[in-house]
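Working notes, beginning with the structure itself.
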Amino acid sequence: MRTPRNSPPEHDGFAFVLFGGTGDLAMRKILPALYAAHRDDMLAPDGRIVSVAQTALDHGGYLKWVEEHVKPHLPGTAIDPAVWEGFLERITYVALDASQPDSFSLLREALATGRSRRIFYLATGPALFVPICRALASAGLTVGSRVVLEKPLGYDLESSNAINDAVGQIFAEDQIYRIDHYLGKEAVQNLLALRFGNSLFEPLWRRDWVESIQITVAEELGVEGRGNFYDQTGALRDMVQNHLLQLLAIIAMEPPHSMDADAVRDEKLRVLRALKPVTSEQIRQSVVRGQYHAGAIKGVSVPAYQAEAGVGEHSTTETFVALKVEVENWRWSGVPFFLRTGKRLAGRLAEIVINFRPVPHSALGPMALRPGSNRLTIRLQPNESIRLSALAKQPGTGMTLQGVHLDLAFDQFFQQERMEAYERLLLDVIAGRLALFVRRDEQEAAWRWVAPILADWASQDNPPKPYAAGTWGPAAASALLARHSTCWQEEEN
Ligand code: BG6
4 MRTPRNSPPE HDGFAFVLFG GTGDLAMRKI LPALYAAHRD DMLAPDGRIV
54 SVAQTALDHG GYLKWVEEHV KPHLPGTAID PAVWEGFLER ITYVALDASQ
104 PDSFSLLREA LATGRSRRIF YLATGPALFV PICRALASAG LTVGSRVVLE
154 KPLGYDLESS NAINDAVGQI FAEDQIYRID HYLGKEAVQN LLALRFGNSL
204 FEPLWRRDWV ESIQITVAEE LGVEGRGNFY DQTGALRDMV QNHLLQLLAI
254 IAMEPPHSMD ADAVRDEKLR VLRALKPVTS EQIRQSVVRG QYHAGAIKGV
304 SVPAYQAEAG VGEHSTTETF VALKVEVENW RWSGVPFFLR TGKRLAGRLA
354 EIVINFRPVP HSALGPMALR PGSNRLTIRL QPNESIRLSA LAKQPGTGMT
404 LQGVHLDLAF DQFFQQERME AYERLLLDVI AGRLALFVRR DEQEAAWRWV
454 APILADWASQ DNPPKPYAAG TWGPAAASAL LARHSTCWQE EEN
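Following the numbering used here, the numbering of the sequence shown begins with 4 at its first residue and continues without gaps.
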């Protein structure tokens, strides 16, 4: 049975205009999230969804598309037909060519009724962000509106700056919502709760007690029909520049004085600006890029990356990155943060591992001196959990130590259904809450940090290291940690 969640946010009626209304993201994430919000009574009754795409469909044709393409991606199992009908009633479709400003008169007409707040969600390629914003401005639709920019926002520092400059001439920063869906994950919210709602961890959360930190976002999936996009992008741009650096910022940030959007974002920004710049030599030592070959995921054979549709036969795009990052400030100086992400890895896992230093002297034998005996493992997905690893005495005579765990599995503790990241973020946009969206300066700092790596890779004839699909990536990723006398969590016996 569904248990009620928090009370609905207070917001007025809205017109949620979804550019890219027949795209993959609309189909898999955005419309299902809006449906979930509708189902849970979180949307104002007069909130409307205006889907915009180039495909020539009439209203009925679009609803049929939604029925066929969106329904299979809805969260939960049972779909109440009346609730679904109610959701469809919110939807209008406008077919227009987003690169043609004249065609925006059609959108203006569709929005003419009602005086609700307009939200423009740009679930299109970044090349259309500026033309769409300009056309919205010419059509007189931008005043008091909000714009949501999906990632990737640009391809590098220069292109992202160019987009931000141009969009910034039309929308003020507090009208711009840059999506990083990791920030909407319940588990990532919980990281903030864990760090800033408890006094327990704070004294330990620093270089004196932390030896190293690992952040892994591993996927079993490959490029899933997005070969064209992915081959131009690669794991560094697709995952590290945004999701992983945001996770790092949340782990490393100072306690904000409030949960106000700018208070939180100011602290994250300080971390991103404190990332130690990497030189060419360090890139060779501390950054591993890989690409998967054919292999098997859970016993099912999968092709090599280069054999995926849309991918170049001799592509050198990375599908895996592991790297060492350092944060140059008093709290973290000298503590390595090891980041790792990849496609077609041995498991689907997003996890943060805080390895505490062992005791300085052991009166209880060598076990107490082993690195990683005291550790906090924060599992973000799947099965969100927190595990505190410690040592205890084995029962019996003598004093033999053994590793033990204190476990908190969130889905057992909280019976409530978890809210999907997109649902939370869309509700935040509608309600005007900016805290979970990336501010321009944060994004710029993250691009600035990855820029030398991108430049180095572009200038080298140094192809990514191969790894078989279904493994944890190239051996060089293990060697990177071995050089720091540690290993990835799954490599421990
Ligand atoms: C997206 C990337 O931002 O995040 C995808 O573009 C990736 O390539 C996805 O698969 C992973 O998100 P999640 O929520 O499934 O971990």
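For every residue, glycine included, the Cβ atom is placed at its ideal position computed from N, Cα and C. Given the structure is predicted, the values throughout are model-derived calculations rather than measurements.
C-alpha gap between residue i and residue j, whole angstroms
| i | j | result |
| --- | --- | --- |
| residue 398 | residue 214 | 29 Å |
| residue 452 | residue 65 | 42 Å |
| residue 411 | residue 473 | 28 Å |
| residue 5 | residue 125 | Here the model assigns residue 5 a pLDDT of 44, short of 50, so the residue's position is not dependable, and the following value carries that caveat. Cα to Cα, residue 5 sits roughly 32 Å from residue 125. |
| residue 408 | residue 335 | 26 Å |
| residue 328 | residue 57 | 43 Å |
| residue 423 | residue 69 | 20 Å |
| residue 46 | residue 38 | 10 Å |
| residue 371 | residue 430 | 48 Å |
| residue 217 | residue 355 | 6 Å |
| residue 491 | residue 269 | 31 Å |
| residue 224 | residue 350 | 9 Å |
| residue 235 | residue 91 | 36 Å |
| residue 267 | residue 259 | 6 Å |
| residue 115 | residue 94 | 15 Å |
| residue 60 | residue 29 | 16 Å |
| residue 112 | residue 313 | 38 Å |
Exposed unless 16 or more other CB atoms sit within 10 angstroms - verdict on residue i
| i | result |
| --- | --- |
| residue 105 | exposed |
| residue 73 | buried |
| residue 108 | exposed |
| residue 245 | buried |
| residue 188 | buried |
| residue 181 | buried |
| residue 463 | exposed |
| residue 206 | exposed |
| residue 165 | exposed |
| residue 486 | exposed |
| residue 460 | buried |
| residue 450 | buried |
Cβ pair residue i, residue j closer than 7 Å
| i | j | result |
| --- | --- | --- |
| residue 383 | residue 190 | yes |
| residue 150 | residue 123 | yes |
| residue 404 | residue 379 | no |
| residue 347 | residue 295 | yes |
| residue 23 | residue 127 | yes |
| residue 163 | residue 134 | no |
| residue 86 | residue 55 | no |
| residue 455 | residue 330 | no |
| residue 352 | residue 342 | no |
| residue 340 | residue 251 | yes |
| residue 315 | residue 210 | no |
Bridge partner(s) assigned by DSSP for residue i
| i | result |
| --- | --- |
| residue 396 | 404 |
| residue 294 | 469 |
| residue 318 | Note: residue 318 sits in no beta bridge, so no partner. |
| residue 127 | Answer by DSSP bridge pairing: none, since residue 127 is not bridged. |
| residue 311 | Residue 311 is not bridged to any residue. |
| residue 53 | 20 and 95 |
| residue 167 | In DSSP, residue 167 forms no bridge with anything. |
| residue 353 | 220 and 384 |
| residue 198 | None; residue 198 has no bridge partner. |
Any chance the segment 321-335 sits against the segment 189-203, with 3 or more Cβ pairs inside 8 Å?
no
Looking at C-beta atoms only, is the number of pairs between the segment 21-39 and the segment 76-90 that lie closer than 8 Å three or more?
yes
Inter-stretch contact at 8 Å, needing at least 3 Cβ pairs: the segment 281-294 / the segment 437-444:
no
Contact the segment 274-286 vs the segment 299-310: 3+ CB pairs below 8 Å
Cβ pair count under 8 Å is below three, so no.
Below 8 Å, can you find three or more Cβ-Cβ pairs linking the segment 153-170 to the segment 138-145?
no
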